[in-house]
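In my numbering, the protein residues as written are 19 to 114.
If you want it as structure tokens, here you go:
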């Protein structure tokens, strides 16, 4: 059994993946909206904010599945902040 972090669990793919994985793994989700998935520990936060990622410090993690993103309907600045800088923050958090 692995300890898994999923970002973007308030989205369709992340929500379903979290539910499926919770049968065999300990799953923690970080998302801006509440994560209502049975057997999953949801933490509200924004992965573009390093301080929000620190709220995960008490959870052992073996795997990070980063699905959080904006896919359209946003400014270029917002897209870069979330999809590039946010991914960078998650990567830096994962490697400690």
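Backbone N, C-alpha and C fix where the C-beta goes; we use that ideal spot for every residue, glycine too.
The structure presented is a predicted model; accordingly, all values stated were derived computationally and were not measured.
Length of the line joining the Cα atoms of residue i and residue j
| i | j | result |
| --- | --- | --- |
| residue 67 | residue 98 | 14 Å |
| residue 73 | residue 96 | 23 Å |
| residue 41 | residue 57 | 8 Å |
| residue 31 | residue 63 | 18 Å |
Run of the alpha helix (DSSP H) containing residue i, from where it starts to where it stops
| i | result |
| --- | --- |
| residue 34 | 30 to 39 |
| residue 112 | 105 to 113 |
| residue 49 | Per DSSP, residue 49 belongs to no alpha helix (DSSP H); it is in the beta strand (DSSP E), 44 to 49. |
Beta-carbon gap between residue i and residue j smaller than 8 Å
| i | j | result |
| --- | --- | --- |
| residue 51 | residue 84 | no |
| residue 20 | residue 80 | yes |
| residue 86 | residue 25 | yes |
| residue 22 | residue 65 | no |
Q: Report yes or no: do three or more beta-carbon pairs, one from the stretch 70 to 87 and one from the stretch 36 to 53, lie closer than 8 Å?
A: Yes, they touch.
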